[in-house]
């Protein structure tokens, strides 16, 4: 099986598509090309980055227009530099 392995300080994120149809208040359907770009995704793989603060399986927030979108094996991915990751999404218990 083929898989993508990032190199040169890059991170591979898996994008999930929003399947819901969005409409305006007046009922106009918003085309996919006009929807806001997603900024949260799941880490699939990272290159050999010393002291990386993320790992495969983590959910991260990244810069809006960062990276290169890739279609591979029927899935959508985003390949971007590690420096474009803004935050790791963590679940905390509310007190």
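Residue numbers (this note's numbering): 223 to 317.
Yeah, the Cβ is synthetic: ideal placement off N, Cα and C, and Gly gets one too.
Worksheet item: Can you name the start and end residues of the beta strand (DSSP E) that residue 309 belongs to?
Response: For residue 309, the uninterrupted beta strand (DSSP E) segment begins and ends at 307-311.
Item to complete: Measure the alpha-carbon distance for residue 282 versus residue 298 and round it to whole angstroms.
Response: Near 16 Å, if we compare the C-alpha coordinates of residue 298 and residue 282.
Fill in: Euclidean distance between Cα positions of residue 289 and residue 234
The C-alpha of residue 289 lies about 9 Å from the C-alpha of residue 234.
Worksheet item: For residue 313, does the count of other Cβ atoms within 10 angstroms reach 16, so buried, or fall short, so exposed?
Response: By the C-beta density criterion, residue 313 is exposed, having fewer than 16 other C-beta atoms within 10 angstroms.
Discussion item. Quick check on DSSP: helix, strand or coil for residue 284?
Written reply: Annotated three-state conformation of residue 284 is strand, per DSSP.
Worksheet item: Alpha carbon to alpha carbon, how far is residue 225 from residue 275?
Response: Near 23 Å, if we compare the C-alpha coordinates of residue 275 and residue 225.
Fill in: Cβ pair residue 307, residue 269 closer than 8 Å
At the C-beta level, residue 307 and residue 269 stay beyond 8 Å of one another.
Practice prompt. Specify, as a first and last residue, the run of the beta strand (DSSP E) that residue 195 falls within.
Written response: This structure leaves residue 195 out entirely; the chain is present only between 223 and 317.
Worksheet item: Near residue 278, what residues of its chain come up, given a Cβ to Cβ distance below 8 Å and the 5 sequence neighbours on each side ignored?
Response: The residues 265, 266, 267, 268, in chain order, have a CB closer than 8 Å to that of residue 278 in the same chain once the five nearest residues on each side in sequence are set aside.
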